[in-house]
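Undergrad: Mind the numbering: the sequence shown is residues 0 to 319 in numbering that gives the first Met the number 0, read in order.
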Amino acid sequence: MDPLVTLEEGDTPLIPSPALSERTGAEVWLKFEGANPTGSFKDRGMTVAVSAAVEEGAEAVICASTGNTAASAAAYAARAGLRGAVIVPEGKIAAGKLAQALMHGAKVIALQGNFDQALALVRELAERQPIALVNSVNEYRIEGQKTGAFEVCDQLGEPPDVLCIPVGNAGNITAWWRGFREYDVAPRLHGYQAEGAAPLVHGAPVENPETVASAIRIGNPARWEDAMDAVTSSRGEIRAVSDAEILEAYTFLGAREGVFCEPASAASVAGLLKHPVEGRVVCVLTGHGLKDPATAMAQATSVIPCEPEIDAVEKAVFGA
Ligand code: AN7
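Here it is as structure tokens:
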């Protein structure tokens with residue numbers, strides 16, 4: 000594409016996971032998408048979607064978002080010299096993501112409603128106004144995000160047996176399946192939704208989705224059919240994990256593997272722990288833990304206050 004709007008996204012680490020391998024008996028790897036420039040997998044798709052928007056002469060981009068799409072769209076719009084507008088559910092996106100969207104100069108609109116309502120509204124607005132819609136209903140997003148599948152196959156030297164991935168609006172599972180198909184491989188895709196936001200598991204939209212994993216607080220995924228096709232064609236599965244299971248996996252990854260992902264990302268690991276599989280497994284960790292300091296602080300142990308004095312420090316460090 001010309002011009003190419005890029006922040007050098009992709010080429011993220013595939014990290015072996017000894018602690019998870021020991022716990023599950025499988026050979027577990029973590030695809031750490033938090034290492035992308037804005038801290039999530041969205042950048043893989045946004046580079047293509049925003050480049051296409053520039054090529055098509057757009058002056059502005061818009062998206063609805065639970066946070067990461069907003070951060071990524073804002074960054075790539077800034078890079079391209081386009082105006083950016085993002086519509087997010089009021090009070091329901093993580094602090095880091097909000098800070099990113101604002102720092103990148105996007106117009107941030109807090110909707111008194113949820114993500115599904117925001118997406119319906121931006122789709123309507125994009126019909127009325129000459130503005131490029133960069134949610135994953137945009138095909139360019141899927142084309143970019145499918146590169147994650149290519150990378151995992153290249154990094155392992157062959158496809159994994161199973162790929163575990165969190166599912167919200169269902170663009171990413173759609174993209175990974177497309178990538179694997181284009182590589183002529185077919186690992187089983189195991190998609191995981193949060194229990195309170197699991198429309199694909201229940202087979203019906205959820206009107207008031209709720210979960211601690213705010214990124215996947217989505218009740219009516221836009222890529223519903225594509226996601227179900229990915230699951231059935233790959234002989235995979237789509238299942239729900241509870242908030243408690245998500246937080247346990249989130250804490251375990253941080254404390255035992257040194258890998259800090261956001262809660263939604265940990266749904267892939269929570270799913271693997273709940274439904275063990277054999278063989279070589281890759282869990283996609285979709286976003287960086289730093290995006291959501293509030294959830295981290297609520298989970299972690301508290302800090303230890305200390306006087307600036309050697310005995311006090313010794314006691315603080317070595318005490319029970
Ligand atoms: C960390 O940013 O939908 O199934 O608006 O941020 O492709 O939606 C984010 C989704 C998983 C789910 N993990 O991916 C948004 C948004 C993280 C995410 C998902 C999201 P999709």
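Glycine residues also receive a C-beta, built at the ideal position from the N, C-alpha and C atoms.
To the nearest angstrom, report how far apart Lys41 and Pro262 are at their CA atoms.
TA: 16 Å
Undergrad: Which value, in whole angstroms, describes the spacing of the CA atoms of Leu289 and Ala311?
TA: 31 Å
Undergrad: What is the DSSP secondary structure of Cys282, counted as helix, strand or coil?
TA: strand
Undergrad: Take every Cβ of the region 259-273, pair it with every Cβ of the region 185-199, and state whether three or more of those distances are shorter than 8 Å.
TA: yes
Undergrad: Using DSSP with H/G/I as helix, E/B as strand and the rest coil, what is Arg187?
TA: strand
Undergrad: Looking at Pro288 and the ligand AN7, is the gap between the Cβ and the nearest heavy atom below 7 Å?
TA: The amino acid occupying residue 288 in the given sequence is Gly; Pro does not appear at that position. Incorrect: Gly288 has no Cβ contact closer than 7 Å to the ligand AN7.
Undergrad: Quick one: what does DSSP say Leu81 is sitting in, helix, strand or coil?
TA: It is coil, neither helix nor strand.
Undergrad: Round the Cβ separation of Tyr182 and Val47 to the nearest angstrom and send it over; I've been treating them as touching at under 8 Å.
TA: A Cβ-Cβ distance of about 18 Å is found for the pair Tyr182 and Val47, leaving them out of contact under the 8 Å criterion.
Undergrad: Take the Cβ of Val240 as the centre, count every other Cβ of all protein chains shown within 10 Å, and call the residue buried at 16 or more, exposed below.
TA: By the Cβ neighbour-count rule, Val240 is buried, with 16 or more other Cβ atoms within 10 Å of its own.
Undergrad: DSSP three-state call for Val60: helix, strand or coil?
TA: strand
Undergrad: For Arg347 and Asp225, what's the separation of their Cα atoms in angstroms?
TA: For residue 347 there is no data in the structure shown, the boundaries of the chain being 0 and 319.
Undergrad: With 16 other CB atoms within 10 Å as the buried threshold, where does Gln111 fall?
TA: exposed
Undergrad: Nearest to Ala221 by CA position, among Leu118, Glu123, Lys145, is which residue?
TA: Leu118
Undergrad: DSSP three-state call for Ala203: helix, strand or coil?
TA: coil
Undergrad: Suppose you measure from the CA of Gly325 to the CA of Ala72; what does that come to, to the nearest Å?
TA: In the structure displayed, the chain extends from 0 to 319; residue 325 sits before or after that span and is not available.
Undergrad: Would you be able to state if there are at least three C-beta pairs under 8 Å between the region 78-85 and the region 160-170?
TA: Contact between the region 160-170 and the region 78-85 is absent, with fewer than three C-beta pairs closer than 8 Å.
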